[in-house]
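**Student:** Taking the UniProt record's numbering, I'd label the letters of the sequence shown as residues 1 to 265.
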Amino acid sequence: MKFSEMMQAVRSNPQSVVVPGSWGQGRAGFGGLAAALVYEAMRAKVPAGRPVRSLAITFVGPLAVDVPVTLEAEVLREGKAVSQVLGRAVQNGQVVTLVQGSFGGSRESAIDVPSEPAPLMKSVAESQEQPFIKGVMPEFLQHLGMRWAVGGMPFSNTPSREMGGWVAFRTETEERQVDESDLLALVDTWPPTTLPYLRAPVPGSSLTWTIEFVQPVARATTKDWFQYLAVIDHARDGYGHAAAKLWSPSGELMAISRQTTTVFG
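Take a look at the structure:
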């Protein structure tokens, strides 16, 4: 199933969605997809005039593939401009993904500070593509592609604080305007920033993830390549802390991300 088909499955029946094995990531489903599934259930509870501003995501446990998952959403508070919503992915009676979201409408304001421009890096054409190799790479990467422009690839013994390049959908055949669910997948496609420091493969995963969306979402489509850059703030004792940003093809800031990751090596 394509990413857009997975999102439509939630909209049609959030009580029972099955993530196929092609969206796997080691022993779990792809974290970006898990977050997007819960977000879609949350979005349905909020008025259309209140776009999502931020999500705080905790990966409580692995989302199993080929097993039904239930997506739940609860409005905690609805104020004049902001809605606070709690979402869960529940599988076999256990919460596997927990998301707290803030949705807010626009307000009149005298403050208008533009975001900093996208950093200079190699173009898409100049950047090294990471082809999907079945059995070697996480299964979900057959749906999403990366091109490296900054730092090293995972397990390449490249000690650099920065990692980034370009990311795009591989299997979305229909060209459409990207939304926040798409951005969740695009941002989380990139591996933990600490993995390039290692010489050999070891397990690693996201523990917590906070992402903020710049509204309105910049004009871009599912056929575009998006610019990504992550920077390690600190890493020790098997945990890494990194900040990242995603820009549109024209250099407009779209999302601001922060993750705590675990690496068993």
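The C-beta atom is built at its ideal place from N, Cα and C for all residues, glycine as well.
State the DSSP-derived secondary structure class of V17, mapped to helix, strand or coil.
**Tutor:** The residue given as residue 17 occupies position 17 in the sequence shown. Three-state result, V17: strand.
**Student:** Going by beta-carbon coordinates alone, are V33 and V10 separated by less than 7 Å?
**Tutor:** Indexing the sequence shown from 1 puts residue 33 at position 33. Indexing the sequence shown from 1 puts residue 10 at position 10. Note on residue identity: the sequence assigns Leu, not Val, to residue 33. No, the Cβ-Cβ distance between L33 and V10 is not below 7 Å.
**Student:** Indicate the three-state DSSP secondary structure (helix, strand or coil) for R88 in the structure shown.
**Tutor:** Reading the sequence shown from its first residue, position 88 is the one you call residue 88. It is a strand residue.
**Student:** Which runs of the alpha helix (DSSP H), 4 residues or longer, sit entirely within the segment 11-65?
**Tutor:** As far as the segment 11-65 is concerned, its whole alpha helix (DSSP H) runs of at least 4 residues are 31-43.
**Student:** Could you check whether the Cβ of T262 sits closer than 6 Å to any heavy atom belonging to the ligand GTP?
**Tutor:** In the structure on display, the ligand GTP does not appear, and there are no ligands present to speak of.
**Student:** For A243, name the three-state secondary structure that DSSP assigns.
**Tutor:** Indexing the sequence shown from 1 puts residue 243 at position 243. Of the three classes helix, strand and coil, the one that applies to A243 here is strand, per DSSP.
**Student:** By how many angstroms is the C-alpha of G29 removed from the C-alpha of A35?
**Tutor:** Position 35 of the sequence shown, counted from the first residue, corresponds to residue 35. Position 29 of the sequence shown, counted from the first residue, corresponds to residue 29. Computed Cα separation, rounded: 10 Å.
**Student:** Take S127 and list the residues in its own chain whose beta-carbon comes closer than 7 Å to its own, dropping the five residues that flank it on each side.
**Tutor:** Position 127 of the sequence shown holds residue 127. Correct list, in chain order: R147, W148, A149, G165 and W166.
**Student:** Between the C-alpha atoms of T261 and G238, what's the straight-line distance to the nearest angstrom?
**Tutor:** By one-based count along the sequence shown, residue 261 stands at place 261. By one-based count along the sequence shown, residue 238 stands at place 238. Taking the straight line from one Cα to the other gives about 8 Å.
**Student:** Specify the secondary structure class of E108 as computed by DSSP and reduced to three states.
**Tutor:** Taking the first residue of the sequence shown as position 1, residue 108 is located at position 108. Three-state DSSP puts E108 in coil, outside helix and strand.
**Student:** For W148, which beta-bridge partners are listed by DSSP?
**Tutor:** Reading the sequence shown from its first residue, position 148 is the one you call residue 148. W148 is bridged to Q128 and G165.
**Student:** I'd like the list of long-range same chain contacts for M7, defined as Cβ closer than 6 Å, with 5 residues on each side in sequence excluded.
**Tutor:** Your numbering for residue 7 matches position 7 in the sequence shown. If we look at M7 and ignore the five residues flanking it on each side, its Cβ neighbours are E40 and S181.
**Student:** Between the segment 52-67 and the segment 210-223, can you find at least three pairs of beta-carbon atoms closer than 8 Å?
**Tutor:** Contact between the segment 210-223 and the segment 52-67 is present, because at least three Cβ pairs lie under 8 Å.
**Student:** Would you call the segment 183-192 and the segment 102-109 in contact, with 3 or more CB pairs under 8 Å?
**Tutor:** The segment 183-192, when compared against the segment 102-109, does not touch it at the 8 Å Cβ threshold.
**Student:** Taking 7 Å as the threshold (C-beta atoms), are G145 and A168 in contact?
**Tutor:** In the sequence shown, the residue the question calls residue 168 occupies position 168. In the sequence shown, the residue the question calls residue 145 occupies position 145. Cβ atoms of A168 and G145: closer than 7 Å.
**Student:** Let me know the secondary structure DSSP gives A94 once reduced to three states.
**Tutor:** Taking the first residue of the sequence shown as 1, we reach residue 94 at position 94. Correcting the residue type first, residue 94 is Gln in the shown sequence and not Ala. Strand, per DSSP.
**Student:** Tell me, to the nearest whole angstrom, how far the beta carbon of S83 is from that of F103; I am working on the premise that it is less than 8 Å.
**Tutor:** Sequence index remark: in the sequence shown, residue 83 carries index 83 (1-based). Sequence index remark: in the sequence shown, residue 103 carries index 103 (1-based). With a Cβ gap of about 4 Å, S83 and F103 count as contacting.
**Student:** For D224, which three-state DSSP category applies?
**Tutor:** On the sequence shown, residue 224 is found 224 positions in, with the first residue counted as 1. DSSP places D224 in coil when its eight states are reduced to three.
**Student:** For E172, which residues from the same chain have a beta carbon less than 7 Å from its beta carbon, with the 5 sequence-adjacent residues on both sides left out?
**Tutor:** Start at 1 with the first residue of the sequence shown, and residue 172 comes out as number 172. So the list reads K2, F3, S4 and T222, once near-sequence residues are dropped.
**Student:** What are the start and end residues of the alpha helix (DSSP H) that includes V187?
**Tutor:** Here residue 187 is taken as the residue at index 187 of the sequence shown, counted from 1. From DSSP, the alpha helix (DSSP H) with V187 extends over E180 to D188.
**Student:** Quick one: grab the DSSP three-state call for E5.
**Tutor:** As a first step, residue 5 is located in the sequence shown; it is residue number 5 there, counting from the start. The answer is helix: DSSP assigns E5 an H, G or I state.
**Student:** Taking the straight line between their C-alpha atoms, what separation do you get for V67 and N92?
**Tutor:** Translated into the one-based positions of the sequence shown, residue 67 becomes position 67. Translated into the one-based positions of the sequence shown, residue 92 becomes position 92. So the alpha carbons of these two residues sit roughly 9 Å apart.
**Student:** Let me know the secondary structure DSSP gives F155 once reduced to three states.
**Tutor:** Residue mapping note: residue 155 aligns to position 155 of the sequence shown, counting from 1. In this structure, F155 counts as coil in the three-state DSSP scheme.
**Student:** Taking only the alpha-carbon atoms, compute the straight-line gap between A244 and Y228 and give it to the nearest angstrom.
**Tutor:** For the purposes of this step, residue 244 is taken as residue 244 along the sequence shown, with counting starting at 1. For the purposes of this step, residue 228 is taken as residue 228 along the sequence shown, with counting starting at 1. Roughly 7 Å separates the two Cα atoms.
**Student:** Hey, how far is the Cα of E72 from the Cα of N13?
**Tutor:** Within the sequence shown, numbered from 1, the residue matching residue 72 stands at position 72. Within the sequence shown, numbered from 1, the residue matching residue 13 stands at position 13. In a straight line, the C-alpha of E72 is about 11 Å away from that of N13.
**Student:** State the Cα-Cα distance for the pair R236 and G151, rounded to the nearest angstrom.
**Tutor:** Locating residue 236 in the sequence shown gives position 236, where the first residue counts as 1. Locating residue 151 in the sequence shown gives position 151, where the first residue counts as 1. Using only the alpha carbons, I get a separation of about 19 Å.
**Student:** Just grab the DSSP bridge partners of F103 for me.
**Tutor:** Here residue 103 corresponds to residue number 103 of the sequence shown, with the count starting at 1. BP columns for F103 point to V52 and S83.
**Student:** Please check the pair Q259 and P51, which I expect to be a contact at CB under 8 Å, by giving their CB distance rounded to whole angstroms.
**Tutor:** If you number the sequence shown from 1, residue 259 lands on position 259. If you number the sequence shown from 1, residue 51 lands on position 51. Between P51 and Q259 the Cβ distance is about 22 Å, and since that is not below 8 Å, they are no contact.
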